[in-house]
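K.L.:
Same order as they appear, the protein sequences are chains A and B. In case it helps, my numbering puts the first sequence at residues 50 to 373. In case it helps, my numbering puts the second sequence at residues 1227 to 1649. Cβ coordinates follow ideal geometry from the N, Cα and C atoms, glycine included.
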Amino acid sequence: MAPVTMVEAIREALDEEMQRDPTVVLIGEDIGVYGGAFKATEGLLAKYGWERVIDTPISETGLIGAAIGMSYQGLRPVAEMQFIDFIACGFNQMVNFAAKSHYRWGGPVPLVVRGPCGGGVHGGPFHSQNPEMWFVHAPGLKVIYPSTAYDAKGLLKSAIRDNNPVVCLEHKFLYRRVKEELPSEEYTVPLGKLAVRRPGRDLTIATYGAMALNSLEAAEELAKEGIEAEVLDLRTLMPLDRQGIIDSVRKTNKLLVVHEDVRSGGIAGEIAATVNEQAFEDLDGPILRVTSLDTPVPFAPPLEERFLPQVADITRAARELARY
Amino acid sequence: MALPEMKYPLSREQLLDLYYYMKLTRELDEQLVRLFRQNKVVGGLYSSIGQEASAVGTAYSLEPDDWIAPMIRNVGGLLVKGFRPRDILMQYMARSGSPTGGKDGTSHFGDIKKRHVVSPISMLGDLIPVMTGVAMGGRYLGQKLVTMTWIGDGGTSTGAFHEGMNLAASQHAPFVCVVENNQWAYSTPVSRQVPLKNLADRARAYGIPSFIMDGNDVVAVYQTTRQAVDMARRGEGPVLVESKTMRMKGHAQHDPAAYVPPEMFAYWKARDPIHRYEAWLTEHEVWDKKTQAEIAARIERELKEDLEFAESSPLPKPEVAEQGVYCEGCHTIEAHWERPQAEVQPPKSSVEAAWTVTDYGGLNGDAKPTAVAPTTAATPEAAPTNGAGAPAAAETAKSRSAGQRAAKAKHPARAASQPKGRG
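1. I need the DSSP call for THR54 (chain A), collapsed to helix, strand or coil.
2. Which term fits GLY77 (chain A), buried or exposed, when burial requires 16 or more other beta carbons within 10 angstroms of its beta carbon?
3. Ends of the beta strand (DSSP E) at MET21 (chain A)?
4. Could you please give the first and the last residue of the uninterrupted beta strand (DSSP E) stretch that includes MET1374 (chain B)?
5. Enumerate in chain order the residues of its own chain whose CB-to-CB distance from PRO52 (chain A) is below 6 Å, with the five nearest sequence positions on each side excluded.
6. Once you ignore the five residues that flank PHE132 (chain A) on each side, which residues in its own chain have a CB closer than 7 Å to its CB?
7. Of all the CB atoms in chain A, is at least one closer than 8 Å to the CB of ASP1292 (chain B)?
8. DSSP on VAL1445 (chain B), reduced to helix/strand/coil?
9. Run the proximity test for ARG1524 (chain B): is its beta-carbon closer than 7 Å to any non-hydrogen atom belonging to the ligand MG?
10. Of all the options B:TYR1318, B:THR1384, B:ALA1568, B:LYS1339, which has the alpha carbon lying nearest to the alpha carbon of THR34 (chain A)?
11. Distance check for LYS1370 (chain B) and ASP296 (chain A), CA to CA, integer angstroms please.
12. Taking only the alpha-carbon atoms, compute the straight-line gap between ASP1443 (chain B) and VAL1301 (chain B) and give it to the nearest angstrom.
13. If contact is defined by three or more beta carbon pairs under 8 Å, each pair taking one atom from either stretch, is the region 1480–1494 of chain B in contact with the region 1504–1517 of chain B?
14. Starting from the beta carbon of TYR199 (chain A), find every residue of chain B whose beta carbon is closer than 7 Å, and list them in chain order.
15. CA-CA distance, GLU234 (chain A) and LYS242 (chain A)?
16. Exposed or buried, LYS1307 (chain B), counting other C-beta atoms within 10 Å across all chains shown (16 or more means buried)?
17. I need the straight-line Cα distance from ARG250 (chain A) to ILE1559 (chain B), nearest angstrom please.
18. Determine whether the beta carbon atoms of GLY156 (chain A) and GLU309 (chain A) lie at a separation below 8 Å.
19. Which residues does DSSP pair with ASN1407 (chain B) in a beta bridge?
20. So with Cβ pairs under 8 Å, would you call SER1576 (chain B) a contact of chain A?
21. Mark GLY1588 (chain B) as exposed unless 16 or more other C-beta atoms lie within 10 angstroms of its C-beta, in which case mark it buried.
22. For the region 142–162 of chain A against the region 1332–1348 of chain B, do three or more pairs of beta-carbon atoms, one drawn from each stretch, fall closer than 8 Å, so that the two count as touching?
23. Compile a chain-ordered list of the residues in the region 1540–1557 of chain B whose CB is closer than 9 Å to at least one CB of chain A.
24. With DSSP collapsed to three states, give me the class of LEU112 (chain A).
25. Looking at the C-beta of TRP183 (chain A), does it have a partner C-beta in chain B at a distance below 8 Å?
26. Does the region 1273–1282 of chain B come close enough to the region 1532–1545 of chain B that 3 or more CB-CB pairs lie under 8 Å?
27. Under 7 Å between beta-carbons, which chain B residues line up against THR72 (chain A)? List them in chain order, please.
28. Taking 8 Å as the threshold (beta carbon to beta carbon), is VAL82 (chain A) in contact with chain B?
29. List the residues of chain A whose Cβ lies closer than 9 Å to the Cβ of GLY1587 (chain B), in chain order.
30. Please report the distance separating the alpha-carbon of ILE1354 (chain B) from that of LYS1516 (chain B).
31. For PRO1499 (chain B), which option in B:TRP1376, B:ALA1228, B:THR1251, B:MET1362 has the closest C-alpha, if you only look at C-alpha atoms?
32. Using the rule of at least 16 other Cβ atoms within 10 Å of the residue's Cβ for burial, across every protein chain shown, is TYR1586 (chain B) buried or exposed?
33. Given a threshold of 16 other Cβ atoms within 10 Å of its Cβ, counted over all protein chains shown, does GLY1555 (chain B) qualify as buried or as exposed?
34. I'd like to know whether the C-beta of HIS151 (chain A) is nearer than 8 Å to at least one C-beta of chain B.
Structure follows, in structure tokens:
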């Protein structure tokens, strides 16, 4: 089988779920005739028709709201944000309508809102953000963030089948840069379970999204220096696989968290607090983090490069941690 | 005097039903004020007084399987949908037996499976797109449904209202939006919310029909809304109905509404929807004193029973706070198909993925393409018609606004965005 890119894997997931379950419908801007800004939904209108691939006016509040309404009818809508940055325009529907619906009155919202996130493609302040923590901080939502084509497909399929609203963040830098052969048979990836991408004994690097690639590259360099890093790909940020992180820290006794999200209020803080509470005695050094800057995502290449965590930043932090 | 001729005739039983729900709303409201003064209400108390006809008459125009989402002053709509005073009492008293088990208060509750009620949230406007989606979802499943929600004059200022109405219009959704113009958005008069005399005029911007009705005349409310509901059900797209009414109390119990001129309250008090309807029922010999007394006694008895029930319900156990953030199999997600599922699966669902452009959009609108993209489906107009096929002949109501005429014209926006048929 030919290798499949992440964006193709996402399309396969949508196609397979639509084929499997006629309650799965797509809604978004330019997703039908045009096939989506990144072509994630290309070909699906022709196959499934106007009623299942719904092009809407430019209105994120409108289309997320409509998707919530469709979910009350027992449908499983998948809403696309053309860029995930625009989810801010539908924020209230996410955090006040969808997130609280089941808790408040027992109205489950089986909804997926997916879209391209992340920097490294010179998209500037409104086409590069990582808004995961806005939603991690809204109880009732689940947040997934794959780093491989395999996971993108498997997690999205699980998200569509989940009875809760799931925000699916797809790193646009990875859309066509990662590819792999996918199993020909049906599979899903469970929400809430991290993956150990590389085993190691000396320290744990907990990361996700595009930073999983940077972290693996850093781990290869560190190995040449005799430092064996264990790389955890979190895959789901809410619910967070806290036990998986604790298990790894109990083995390596050191933890570095790497994320592309900005520093303050990023998930590194939550992970550090969890490890402090549950595995403090196992730690041989401080919990360190490598993150983006506390700034908007800048546009010019040298500025964006400074903003984003680089492989060298990770190796530097890992070496410092390994000294303990 | 005999009953006047009605376009949508109401039986004596239905006319008394309308009265029962309005009067029950009023008495429940007054019971809640007593509980508030006894410190038994947790949080704020929002009154429906003055708007009973607007809530009851609109909800009553729906079929049992239709969907509503109430706003804070639509308790009457919840009662019509089958919720009981005890549900509202327990919501306000935050009891474990309430529909939300104490997780939320007021009219913030719903029932997906049985009553088809979507819970509102406090942020205004968001229900418009949500109920549009309920309508789109039901239509997709082949249901002949209509969805309805209410919004105040102030709520029409929100972006969510506009996005929702525009989406409903562009999707031709079977949705009725009742704009309850109760003259005050908290302390701000409608003139400072909207530079329009009639909020119904907003419909023109969406190319959809609208009506204006006397929101304190329950028969007029029913007749007008029923027409709107029938239009939506026939596949004519969303309809906006403006209800002219008045909020007779402050925003909530804490608010004495000193910003309202006393003369304005006096004007509307003379038009109290319940007193007016009582006089109407007497004038048209629908009831006599005995029937009126029987209804009053029934309401008194039911409220007494429900109050006892509500007060005997305990506050929720603290651990409930930790439960139910996620649905982990506690609910089943079910879709009620009323059409063959094969219609939405390939090969039947497959279409040519191309727009049909029927107007080049020039200034005069006279430049038409000589050839259009090939159609694989029946007619471009046939797609989202609530599964009912071609819309029925146009109504000819005088009360309809100019927006109706606009919607009838095949204006370019609609023609260009209209999906092709179901294939």
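P.N.:
According to the structure shown:
1. Within the first sequence, numbered from 1, the residue matching residue 54 (chain A) stands at position 5. Here THR54 (chain A) sits in strand by DSSP.
2. As a working mapping, residue 77 (chain A) is identified with position 28 in the first sequence. Buried is the call here.
3. No answer is possible for residue 21 (chain A): the residues shown for chain A start at 50 and end at 373.
4. For this step, residue 1374 (chain B) is matched to residue 148 along the second sequence. First-last of the beta strand (DSSP E) with MET1374 (chain B): 1373–1378.
5. Position 3 of the first sequence, counted from the first residue, corresponds to residue 52 (chain A). Hits under 6 Å: LYS228, GLU229, GLU230.
6. Against the first sequence, residue 132 (chain A) aligns to sequence position 83. Contacts found: GLY164, PRO165, HIS176.
7. Working through the second sequence from its first residue, we reach residue 1292 (chain B) at position 66. No - not a single Cβ of chain A is within 8 Å of the one on ASP1292 (chain B).
8. Counted from its first residue, the second sequence places residue 1445 (chain B) at position 219. In the structure shown, VAL1445 (chain B) falls within a helical segment according to DSSP collapsed to helix, strand and coil.
9. Absence of the ligand MG from the depicted structure is noted, as is the absence of any ligand whatsoever, leaving it without description.
10. With chain A running from 50 to 373 in the structure shown, residue 34 (chain A) is simply not present.
11. Locating residue 296 (chain A) in the first sequence gives position 247, where the first residue counts as 1. Locating residue 1370 (chain B) in the second sequence gives position 144, where the first residue counts as 1. Annotation: ASP296 (chain A) to LYS1370 (chain B) spans about 54 Å, alpha carbon to alpha carbon.
12. The residue given as residue 1443 (chain B) occupies position 217 in the second sequence. The residue given as residue 1301 (chain B) occupies position 75 in the second sequence. Taken atom to atom, the span from the alpha-carbon of ASP1443 (chain B) to that of VAL1301 (chain B) is near 17 Å.
13. no
14. Taking the first sequence and counting its residues from 1, one reaches residue 199 (chain A) at position 150. Those within 7 Å of TYR199 (chain A) in chain B number zero; the least Cβ separation is about 25 Å.
15. Position 185 of the first sequence, counting from 1, holds the residue named residue 234 (chain A). Position 193 of the first sequence, counting from 1, holds the residue named residue 242 (chain A). Computed Cα separation, rounded: 21 Å.
16. By 1-based counting over the second sequence, the position of residue 1307 (chain B) is 81. The residue in question, LYS1307 (chain B), is buried, as its Cβ has 16 or more Cβ neighbours within 10 Å.
17. Position 201 of the first sequence, counted from the start, is the residue given in the question as residue 250 (chain A). Position 333 of the second sequence, counted from the start, is the residue given in the question as residue 1559 (chain B). Each residue's alpha carbon lies about 45 Å from the other.
18. As a working mapping, residue 156 (chain A) is identified with position 107 in the first sequence. As a working mapping, residue 309 (chain A) is identified with position 260 in the first sequence. No; because the gap between Cβ atoms is not below 8 Å, this pair is not in contact.
19. Along the second sequence, read from residue 1 onward, the residue named residue 1407 (chain B) stands at position 181. Looking at the DSSP output, ASN1407 (chain B) bridges to B:LYS1470.
20. For the purposes of this step, residue 1576 (chain B) is identified with residue 350 of the second sequence, where counting begins at 1. Answer yes: the Cβ-Cβ gap between SER1576 (chain B) and chain A drops below 8 Å somewhere.
21. For the purposes of this step, residue 1588 (chain B) is taken as residue 362 along the second sequence, with counting starting at 1. The residue is exposed, with fewer than 16 neighbouring Cβ atoms inside 10 Å.
22. As far as the Cβ criterion goes, the region 142–162 of chain A touches the region 1332–1348 of chain B, which means the pair count is three or higher.
23. Going along the region 1540–1557 of chain B in chain order, one finds GLN1549, GLY1550, VAL1551, TYR1552, CYS1553, GLU1554, GLY1555, CYS1556, HIS1557 with a Cβ nearer than 9 Å to chain A.
24. Looking up residue 112 (chain A) in the first sequence gives position 63. Helix at LEU112 (chain A).
25. Stepping through the first sequence from its first residue, residue 183 (chain A) is reached at position 134. TRP183 (chain A) does not count as touching chain B.
26. no
27. Working through the first sequence from its first residue, we reach residue 72 (chain A) at position 23. Per Cβ cutoff of 7 Å: ALA1561.
28. As a first step, residue 82 (chain A) must be located in the first sequence, where it is residue number 33. It does; some Cβ of chain B falls within 8 Å.
29. Translated into positions along the second sequence, residue 1587 (chain B) becomes position 361. Those within 9 Å of GLY1587 (chain B) in chain A number zero; the least Cβ separation is about 16 Å.
30. Indexing the second sequence from 1 puts residue 1354 (chain B) at position 128. Indexing the second sequence from 1 puts residue 1516 (chain B) at position 290. Computed Cα separation, rounded: 43 Å.
31. Position 273 of the second sequence, counting from 1, holds the residue named residue 1499 (chain B). Nearest of B:TRP1376, B:ALA1228, B:THR1251, B:MET1362 to PRO1499 (chain B), Cα basis: B:THR1251.
32. Within the second sequence, the letter at position 360 stands for residue 1586 (chain B). It is exposed - the Cβ of TYR1586 (chain B) has fewer than 16 other Cβ atoms within 10 Å.
33. Numbered from 1 along the second sequence, position 329 holds the residue referred to as residue 1555 (chain B). Burial check for GLY1555 (chain B): the Cβ neighbour count within 10 Å stays below 16, so the residue is exposed.
34. Here residue 151 (chain A) refers to the residue found at position 102 of the first sequence. Using a CB distance cut-off of 8 Å, HIS151 (chain A) counts as an interface residue toward chain B.
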